[in-house]
Each structure stands twice: as structure tokens, then as C-alpha cells.
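Asker: Got a structure for you, written out below as C-alpha cells; questions coming shortly.
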Amino acid sequence: MARFPDHFAVLAERRPALKFLIPILSVVEKAAQEGMTEAGETILARSNDRAPVDSGDLRAAGFVDTADLAVKVGYEPTGGYPYFRRQHEDLDYQHDTGEAKFLEKAEAETRDEVPAIIARHIKGALGG
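Numbering-wise (the numbering used here), the sequence shown opens with residue 494 and increments by one.
Here it is, written out as C-alpha cells:
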């Protein structure tokens, strides 16, 4: 179950009538995290569709990390070398498959979908 922020626990201790909010916040927060994870996976899938392919290592290095109410989508550099960054940022590279700015373009392409994905999870958790 997702953790609720400490300030809600303190508030509930000071005002016992607000204790009913804690389980609701936990359910909503968990649903929001699940929605953010799905949204991150959607962005990563679109990014992988655009990412350059040589050995496939770059696409395999993609990750989605959801913590609290934040999601991080990216690629772990392999061998300690910032391979991803060069492939992503260098507009002079010519790729047979894929393109530069693949993660940035995927994020922009899915920007309108992300709130709907998160909202769907929250609505589902609240029975709607």
C-alpha cells in the first residue's frame, strides 16, 4: 500500500475528525502511482519505437521508476559511458533506424494522454 505524506498523519492526530482522509488518500495515491507507472511505460514504449538501433542495447536499457508521486523515464548508460545521451542529443548522427531526441519526442507526443491514464486509475480505485 502506498505511504501517505507525514503531514497528513500529523493533521489527523491534531484533528481526529480528519482520520477518515488517510485511507482515501492512500487509495488515491496508490492509484495515481499505478497510473504514473503506466504513463511512464507508454512514454518508454514510444521512445523505444523512435530510438536508434544498432545492437539493441539502448532500447534494452530503458527504465520507468515511480516513487511517491513522481515518475522517471530514461535509459541507463551501459559500461559507464553516456551512450544514451550522445545518441539522444547529437542531431548530426545519421541513423538507419530511429532518430535523435527520441525520448523528448515521445514525451511530447504523449503529453495529452498522461493525465487521462492517471485519471482512469484514480477513478477505478474510487469505484468510478
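We put the CB at the ideal spot given by N, CA and C, even for glycine.
Any contact between the segment 574–587 and the segment 519–536? By contact I mean 3 or more CB pairs, one from each, below 8 Å.
Answerer: With contact defined as three or more Cβ pairs closer than 8 Å, the segment 574–587 and the segment 519–536 are not in contact.
Asker: Can you have a look at R496 and say buried or exposed, based on whether 16 or more other CB atoms are within 10 angstroms of its CB?
Answerer: Residue mapping note: residue 496 aligns to position 3 of the sequence shown, counting from 1. The predicted position of R496 is uncertain, since its pLDDT is 47 and thus under 50; no value can be drawn from it.
Asker: Which same chain residues end up closer than 6 Å to I610 when comparing Cβ atoms and leaving out the 5 residues on each side of it in sequence?
Answerer: Counting from one through the sequence shown, the residue named residue 610 turns up at place 117. Cβ within range, chain order: G528, E531 and A532.
Asker: Classify F556 as buried or exposed, calling it buried when 16 or more other Cβ atoms lie within 10 Å of its own Cβ.
Answerer: Here residue 556 corresponds to residue number 63 of the sequence shown, with the count starting at 1. F556 comes out exposed.
Asker: What are the complete alpha helix (DSSP H) segments, minimum 4 residues, inside the segment 552–583?
Answerer: If one requires a minimum length of 4 residues, the alpha helix (DSSP H) runs lying completely within the segment 552–583 are 576–582, in chain order.
Asker: Going by beta carbon distance, what residues of the same chain come within less than 7 Å of N541, once the five residues before and after it are set aside?
Answerer: To locate residue 541, count along the sequence shown from 1; it is residue 48. For N541, where only same-chain residues beyond five positions count, the Cβ hits under 7 Å are R552 and G555.
Asker: Quick one: is L622 buried, meaning 16 or more other Cβ sit within 10 Å of its Cβ, or exposed?
Answerer: With the chain represented from 494 up to 621, any question about residue 622 goes unanswered, as that position is not in the structure.
Asker: Would you say K523 touches the ligand FMN, meaning its beta carbon is less than 6 Å from a heavy atom?
Answerer: Ligands displayed in this structure: none; no statement on the ligand FMN is therefore possible.
Asker: For a test of the three-state rule: what should DSSP assign to S548, helix, strand or coil?
Answerer: Working through the sequence shown from its first residue, we reach residue 548 at position 55. The answer is coil: DSSP assigns S548 none of H, G, I, E or B.
Asker: For my contact list, F595 and A538 are in at a C-beta cut-off of 8 Å; report their separation, rounded to the angstrom.
Answerer: Position 102 of the sequence shown, counted from the start, is the residue given in the question as residue 595. Position 45 of the sequence shown, counted from the start, is the residue given in the question as residue 538. Between A538 and F595 the Cβ distance is about 11 Å, and since that is not below 8 Å, they are no contact.
Asker: Suppose you measure from the CA of A560 to the CA of G591; what does that come to, to the nearest Å?
Answerer: Here residue 560 corresponds to residue number 67 of the sequence shown, with the count starting at 1. Here residue 591 corresponds to residue number 98 of the sequence shown, with the count starting at 1. Rounded to the nearest angstrom, the two C-alpha atoms are 30 Å apart.
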